[in-house]
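Notes follow the structure.
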Amino acid sequence: MPQQQPPTADEDPQQTPPFYDPNLPHDLTTLRGTSTILDTPPTTSKILAPLTPSSLRKRQLDIIPTRQSTTTNPDPNTVLIVIPTANQGKVTLLQTHLRHTAPAHINLLYPALTISDASSEVGEQPYDGAGPRGAVNRVVNAARRLLFGEYQGELVGVGTVLVASVENFIFRGDSGPVDYGVVVFCRIPLLDQKKGDDDAWEWETGVSRGVTVPVGFWKRGEGFGFEDDTGTTGVGEHGKVSVGEVLADNVAGLDKADWHLELAGRSRYGLLQEAMDKMVVPWPKVSLGD
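Here the sequence shown is numbered in full-length UniProt numbering, starting from 1 and rising by one per residue.
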């Protein structure tokens, strides 16, 4: 009697991954190397509007003035890193980079504080301007939880908080969908701040090079809908399902968080590291502690 073969996704609906589509390619060998790496979008691009200095100042005004530090006369050079994400790959990337770039005068508290539920508010798959906006949202939401919420106890002995955020998103341009990554660093001093002191925080932002997204998988992801108002077009910016989830459910061997490595030959985290290497982390200056 011939050995029974395991059922395919088509034969056993109960085993079908939620985002599986029989009409999409399923062989990794046919997809490997089909994506292209593109340059970062110009800083004048409208999708990067949430990263302009004026936009960033507006976002922090609902939090300033911050609470006073839990320590009398805190040393500004004692820094707590805060990373708002549940993605361990992002945590490792950001924490390692900041540890390696910290100047000698910085007393860096280790490990970083991870606030996994500081939401981006832009869905599982951000599109266009929602990506940069989501990275900033993570910073602001983490800061609010830290300064006024349940994480206040973490501030004992801390003079400065450095929030580090990453958000990948898809830009739907004329030449097709492209995945970019946004990195945001924000320095928040815990010295007394006055109402309207909107320059107290210091921001640094960067955008990685992009990776083209296979069109069929992108369309499949969009087909699951959006969390935000789609208006008359039916197309929003806060996708319910990420392209990575669609790829992983249809192509064995693909990592939903880093499909870039197989399809473009470059890890998502490598592209983000490349972007961070061009940024200046807003560490407290030596003079602040004098």
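Cβ coordinates follow ideal geometry from the N, Cα and C atoms, glycine included.
Everything numeric in this text was worked out from a predicted model, so none of it was measured.
Burial state of residue i, where buried means 16 or more other Cβ atoms lie within 10 Å
| i | result |
| --- | --- |
| residue 299 | Here the chain comprises residues numbered 1 to 290, so residue 299 is not present and cannot be evaluated. |
| Leu61 | exposed |
| Tyr110 | exposed |
| Glu237 | buried |
| residue 292 | Residue 292 is absent from the structure shown; the chain starts at 1 and stops at 290. |
| Gln152 | exposed |
| Val246 | buried |
| Asn250 | buried |
| Ala118 | buried |
| Arg262 | The question names Arg, but residue 262 is Glu in the sequence shown. Glu262 should be labelled buried. |
| residue 292 | Outside the displayed span of the chain (1 to 290) sits residue 292, for which this structure offers no information. |
| Gly234 | exposed |
DSSP bridge partner residues for residue i (one or two, in chain order)
| i | result |
| --- | --- |
| Leu108 | Val79 |
| Trp203 | Cys186 |
| Arg172 | Pro177 |
| Phe224 | Per DSSP, none; premise fails for Phe224. |
| Val211 | Ile37, Asp179 |
| Thr114 | Ile83 |
Member of the options whose CA lies at the smallest distance from the CA of residue i
| i | options | result |
| --- | --- | --- |
| Gly244 | Ile170, Phe226, Gly176 | Ile170 |
| His260 | Ala130, Ile37, Pro17, Glu154 | Ile37 |
| Pro84 | Ser165, His26, Leu263, Trp218 | Ser165 |
| Gly253 | Thr44, Pro53, Thr233, Asp27 | Asp27 |
| Leu155 | Thr34, Asn250, Asn168, Pro76 | Pro76 |
| Val241 | Gln125, His100, Val161, Asp249 | Gln125 |
| Val79 | Glu227, Ile106, Thr40 | Ile106 |
| Ala86 | Tyr127, Ala104, Pro103, Ser120 | Ser120 |
| Arg266 | Asp179, Lys285, Ile115, Phe19 | Asp179 |
| Gly221 | Leu272, Pro189, Tyr127, Asp255 | Tyr127 |
| Thr160 | Thr43, Pro53, Val286, Pro177 | Val286 |
| Pro177 | Pro41, Gly270, Leu190 | Pro41 |
| Thr16 | Ala248, Leu272, Gly270, Lys278 | Ala248 |
| Ser175 | Asp258, Ala200, Glu150, Pro214 | Pro214 |
| Glu150 | Ile115, Val122, Gly123 | Ile115 |
| Leu108 | Ile81, Asp255, Thr232, Gly223 | Ile81 |
| Phe224 | Gly123, Arg57, Tyr269 | Gly123 |
| Phe226 | Lys219, Gly239, Trp218, Thr232 | Gly239 |
Backbone secondary structure at residue i - three-state DSSP
| i | result |
| --- | --- |
| His238 | strand |
| Glu167 | strand |
| Leu162 | strand |
| Gly149 | coil |
| Arg123 | In the sequence as presented, Arg is not what sits at residue 123; that position holds Gly. Residue state, collapsed to three classes: coil. |
| Val178 | strand |
| Phe19 | coil |
| Thr40 | coil |
| Phe217 | helix |
| Gly134 | helix |
| Val286 | helix |
| Thr232 | coil |
| Gly244 | helix |
| Leu94 | helix |
| Leu56 | helix |
| Met279 | coil |
| Leu254 | coil |
| Val156 | coil |
| Glu89 | The sequence given here places Gly at residue 89; Glu does not occur at that position. Helix. |
| Asp128 | coil |
Nonlocal neighbours in the same chain, by C-beta distance under 8 Å from residue i, ignoring five residues either side
| i | result |
| --- | --- |
| Glu274 | Ser208, Arg209 |
| Pro282 | Leu162, Phe185, Cys186, Arg187, Glu202, Trp203, Glu204 |
| Thr230 | Gly236 |
| residue 297 | Here the chain comprises residues numbered 1 to 290, so residue 297 is not present and cannot be evaluated. |
| Pro103 | Trp283, Val286 |
Contacts around residue i, its chain only, beta-carbon distance under 7 Å, and the 5 residues preceding and following it disregarded
| i | result |
| --- | --- |
| Ile63 | Val140, Ala143, Arg144, Leu147 |
| Arg59 | Val136, Val140 |
| Leu94 | Ile83, Ala164, Val166 |
| Thr101 | Val281 |
| Lys278 | Gly206 |
| Asp39 | Arg209 |
Same chain, Cβ closer than 6 Å to residue i, neighbours up to 5 away in sequence not counted
| i | result |
| --- | --- |
| Val182 | Gly131, Pro132, Ala135, Glu167, Val207 |
| Met276 | His97, Val183 |
| Gly216 | Leu24 |
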